[in-house]
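Have a look at the structure below, then the notes.
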Amino acid sequence: MALGDYPKAIKYYEDRLELAREIQDKRSEEQSLGSLGVACEALGDYNKAITYYEQRLLLARNIKDRRSEEEALDRLKVACYALGDYAKAMQYQQGTSPNS
45 MALGDYPKAI KYYEDRLELA REIQDKRSEE QSLGSLGVAC EALGDYNKAI TYYEQRLLLA
105 RNIKDRRSEE EALDRLKVAC YALGDYAKAM QYQQGTSPNS
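So for the sequence shown, this note's numbering puts the first residue at 45; every next one is plus one.
Structure (structure tokens):
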């Protein structure tokens, strides 16, 4: 993504996500979801980014990866804030999921 070709990066991350799910590699799946969220966020597609970050958060919690959970919550907060959904951003800031 350093070169700014986000659509191409998204394709590669989607391929990686599919492979990670196929071989049941939860860490790679979680990382791919995070990367997809970042790429979508860079393109201004905050709703899609939130979808990926929410999946990442759920997976991070399931595999008990606190660092990834914290990163997902932080990215969710930023994306919600960018959309003007300050209530949801605050919930993520506090470490809770609005839908739980």
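The beta-carbon is built from N, C-alpha and C at its ideal position, and this holds for glycine as well. No experiment lies behind these values; they were computed from the predicted model shown.
- Judged by DSSP secondary structure, G48 falls outside any alpha helix (DSSP H); it is assigned neither H nor E.
- Cβ-Cβ separation between L117 and G139: approximately 6 Å, consistent with a contact (criterion under 8 Å).
- Taking the Cβ atoms as the reference, Y57 lies roughly 5 Å from L80, within the contact range of under 8 Å.
- Note on G78: 16 or more other CB atoms within 10 angstroms of its CB, so buried under the neighbour-count rule.
- Where Q75 is concerned, the enclosing alpha helix (DSSP H) starts and stops at K70 to A86.
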